[in-house]
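Chemist:
Spelled out as structure tokens, the structure:
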């Protein structure tokens, strides 16, 4: 997958480079949010797949493999302009803090970076779940997906999977947090009234779910733009016909 990351680990550089990258993310958010418009005849109900479902599965598989390969790296979320995670709302709600530490921009930036790192093991746990869904879900209107918008297959897959990725990520993110005993995260949790590490893992998994689908959508859009890079004759032909 094309490296869309910043190439730097520093927090200040990530902040400075964000506006242009976030414009791209905004486009993907819009595409995924309006996916129902791009798939007017696509049904998510159970049933046997159409005979033409194979190219759709190939497109979903390539897109998912690229996204999870990238996001499973230690700084995969942080270096992706479409998948970098904001600070979860859990750490931003006024009136819940026991101290002023979360009001410090430097501390919040450091916490955001650490949480992006903790999202990576969650992505590694979610990857096999997504790839199994690619194989198993019924694809009853493949032509609608192939001729849809740049993220039509991603929208279809996400709608069918529901909260499956979140559920797969929560225990792995929680395990990683407990094992790391990161002082920044521990200080942030201690500063919040009634918040536990399980709550932090759940909140991060919800944001990571969004980041994953943005990354999968970006991968799909890139494949649609240049299907030849897959070296998959069946998919190339199907996209040209679509």
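In my numbering, the protein residues as written are 5 to 246. Even for Gly, the Cβ is constructed at its ideal location relative to N, Cα and C. Remember, predicted model here, so these are calculated numbers, not experimental data.
(1) Do you know offhand how far residue 232's Cα is from residue 138's?
(2) Cα-Cα, which of 83, 144 and 63 is closest to residue 55?
(3) Do the CB positions of residue 198 and residue 127 come within less than 8 Å of each other?
(4) In angstroms, rounded to a whole number, what distance separates the CA positions of residue 75 and residue 219?
(5) Of all the options 195, 227 and 90, which has the alpha carbon lying nearest to the alpha carbon of residue 118?
(6) Return the Cβ separation of residue 169 and residue 207 in integer angstroms, given the expectation that the two are a contact with Cβ distance under 8 Å.
(7) Find out if the Cβ-Cβ distance for the pair residue 195, residue 94 is shorter than 8 Å.
(8) Under a three-way DSSP split, which group does residue 230 fall into?
(9) Kindly indicate the opening and closing residues of the alpha helix (DSSP H) around residue 107.
(10) Closer than 8 Å is the cut-off here; do at least three beta carbon pairs connect the region 59-79 with the region 179-188?
(11) Taking only the alpha-carbon atoms, compute the straight-line gap between residue 72 and residue 216 and give it to the nearest angstrom.
(12) Name the two residues that bound the continuous alpha helix (DSSP H) containing residue 174.
(13) To the nearest whole angstrom, what separates the beta carbons of residue 192 and residue 115, a pair I think is in contact under 8 Å?
(14) According to DSSP, simplified to helix, strand and coil, what is residue 77?
(15) As a quick exercise: from 146, 121 and 238, pick the residue whose alpha carbon is nearest that of residue 84.
(16) Can you look up residue 133 in the DSSP assignment and give me helix, strand or coil?
(17) Among 111, 203, 134 and 209, which one has its Cα closest to the Cα of residue 160?
(18) Work out the CA separation of residue 153 and residue 70 for me, nearest whole Å.
(19) My understanding is that residue 146 touches residue 59, with C-beta atoms under 8 Å, so please give their C-beta distance in whole angstroms.
(20) When we look at the beta-carbon of residue 46 and count the other beta-carbons within 10 Å, is it buried (16 or more) or exposed?
(21) Which of the three DSSP states is assigned to residue 187 in this structure?
(22) Looking at C-alpha atoms only, which residue of 241, 229 and 223 is the closest neighbour of residue 66?
(23) Can you tell me where the alpha helix (DSSP H) with residue 141 in it begins and where it stops?
Modeler: Based on what the coordinates show:
(1) Approximately 21 Å, taken between the alpha carbons.
(2) Checking every option, the nearest Cα to that of residue 55 belongs to 144.
(3) No, the pair does not count as a contact, with Cβ atoms beyond the cut-off.
(4) In a straight line, the C-alpha of residue 75 is about 8 Å away from that of residue 219.
(5) Nearest of 195, 227 and 90 to residue 118, Cα basis: 90.
(6) Between residue 169 and residue 207 a beta carbon distance of about 15 Å is seen, past the 8 Å cut, so the two are scored as non-contacting.
(7) The answer is no: Cβ separation not under 8 Å.
(8) For residue 230, the three-state secondary structure derived from DSSP is coil.
(9) Here residue 107 belongs to no alpha helix (DSSP H), and DSSP marks it neither H nor E.
(10) Look at the beta carbons and you see the region 59-79 not touching the region 179-188: under three pairs across the two are nearer than 8 Å.
(11) Taking the Cα positions, residue 72 is about 8 Å away from residue 216.
(12) For residue 174, the uninterrupted alpha helix (DSSP H) segment begins and ends at 168-184.
(13) Their Cβ separation, rounded to whole angstroms, is 5 Å, which keeps residue 192 and residue 115 in contact under 8 Å.
(14) Residue 77: coil per DSSP, three-state reduction.
(15) That would be 121, whose Cα lies nearest to the Cα of residue 84.
(16) If DSSP states are grouped into helix, strand and coil, residue 133 belongs with the helices.
(17) Checking every option, the nearest Cα to that of residue 160 belongs to 134.
(18) Here the alpha carbon of residue 70 sits roughly 19 Å from the alpha carbon of residue 153.
(19) Residue 146 to residue 59, Cβ: 7 Å. Contact.
(20) With a pLDDT of 38 at residue 46, under the threshold of 50, the modelled position of this residue cannot be trusted, and the question is left open.
(21) Under the three-state reduction of DSSP, residue 187 is assigned to helix.
(22) Taking only the C-alpha atoms, the option nearest residue 66 is 223.
(23) In this chain, residue 141 is not harboured by any alpha helix (DSSP H), its DSSP state being neither H nor E.
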